[in-house]
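Visitor: Handing you a structure now.
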Amino acid sequence: IKTIFSVLVAKPRITCVKRHDCQSILGVKSMCTKSSYCACKPFHHLHHGQCVKNRDLHDICDHDHQCYCGAGCEDKIACIERNCSCRPGHKPYRSRRCIYDPANPPPPPANTSSILYNLISSIVLTALTTTMVKIL
Numbered sequence: 001i002k003t004i005f006s007v008l009v010a011k012p013r014i015t016c017v018k019r020h021d022c023q024s025i026l027g028v029k030s031m032c033t034k035s036s037y038c039a040c041k042p043f044h045h046l047h048h049g050q051c052v053k054n055r056d057l058h059d060i061c062d063h064d065h066q067c068y069c070g071a072g073c074e075d076k077i078a079c080i081e082r083n084c085s086c087r088p089g090h091k092p093y094r095s096r097r098c099i100y101d102p103a104n105p106p107p108p109p110a111n112t113s114s115i116l117y118n119l120i121s122s123i124v125l126t127a128l129t130t131t132m133v134k135i136l
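Under UniProt numbering, the residues of the sequence shown are numbered 1 to 136, in order.
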């Protein structure tokens, strides 16, 4: 029985002769494939140019980038309370992936213009209060 694992080849492609050629660029969790390209080892993914071990849905984690449920799933999974979980608005699918959940849409993004307005108002009010105290 021959088991074939899929590996994530770095993009842009990096050619190699030996494992060390890849590890100096992508870290110790990388390898040189038979086709002479650097790739992350099986069950690892690329994050900011380094190969990182996949943490599956429901695995223990410390950071969002450790959680991985496949290509195109990065924005659907996160490390929530030290557990790889589907982000709000998403639900588990076949116990390994996260998919959009129309019954539970994610909260709307914060209105940045109102946040900025409130921040500026607070700064101006603080400056006016400080100036008034100095005058009195």
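Ideal Cβ placement from N, Cα and C applies to all residues, glycine included.
Taking the alpha helix (DSSP H) that Arg19 belongs to, which residues open and close that run?
Guide: Position 19 of the sequence shown, counting from 1, holds the residue named residue 19. First-last of the alpha helix (DSSP H) with Arg19: Arg19 to Leu26.
Visitor: Quick one: residues in its chain with C-beta nearer than 6 Å to the C-beta of Thr3, no 5 flanking neighbours on either side, listed in chain order?
Guide: Here residue 3 corresponds to residue number 3 of the sequence shown, with the count starting at 1. Below a pLDDT of 50, predicted positions are generally treated as unreliable, and Thr3, at 39, falls in that range; the measurement from the model is reported next regardless. Closer than 6 Å at Cβ, skipping near neighbours: no residue.
Visitor: Quick check: what's the CA-CA separation for Leu57 versus Glu74?
Guide: One-based indexing of the sequence shown puts residue 57 at position 57. One-based indexing of the sequence shown puts residue 74 at position 74. Between Leu57 and Glu74, the C-alpha separation is close to 12 Å.
Visitor: Asn104 CB to nearest chain B CB: under 8 Å?
Guide: The displayed structure is made up of one protein chain only, and chain B is not part of it.
Visitor: Please list, in chain order, all residues of the same chain as Arg13 whose beta carbon is under 6 Å from its beta carbon, the five residues on each side excluded.
Guide: Within the sequence shown, numbered from 1, the residue matching residue 13 stands at position 13. Excluding residues within five positions, the ones whose Cβ falls inside 6 Å are Tyr37.
Visitor: In terms of alpha-carbon separation, which member of Glu81, Arg96 and Lys76 lies closest to Arg87?
Guide: Counted from its first residue, the sequence shown places residue 87 at position 87. When only C-alpha atoms are compared, the closest one is Lys76.
Visitor: Using a Cβ-Cβ cut-off of 6 Å (strictly less than) and excluding sequence neighbours within five positions of Phe43, which residues of its own chain qualify?
Guide: Walking along the sequence shown from the start, residue 43 turns up at place 43. If we look at Phe43 and ignore the five residues flanking it on each side, its Cβ neighbours are Asn54.
Visitor: For a test of the three-state rule: what should DSSP assign to His63, helix, strand or coil?
Guide: By 1-based counting over the sequence shown, the position of residue 63 is 63. DSSP places His63 in coil when its eight states are reduced to three.
Visitor: Pick out whichever of Ala39, Arg82, Asp21 and Ala103 has its Cα sitting closest to the Cα of His63.
Guide: Counting from one through the sequence shown, the residue named residue 63 turns up at place 63. Ranking Ala39, Arg82, Asp21 and Ala103 by Cα distance to His63 puts Arg82 first.
Visitor: Determine the DSSP secondary structure at Lys76, reduced to helix, strand or coil.
Guide: Within the sequence shown, residue 76 is the residue found at index 76, counting from 1. In the structure shown, Lys76 sits in a helix (DSSP, three-state: H, G or I).
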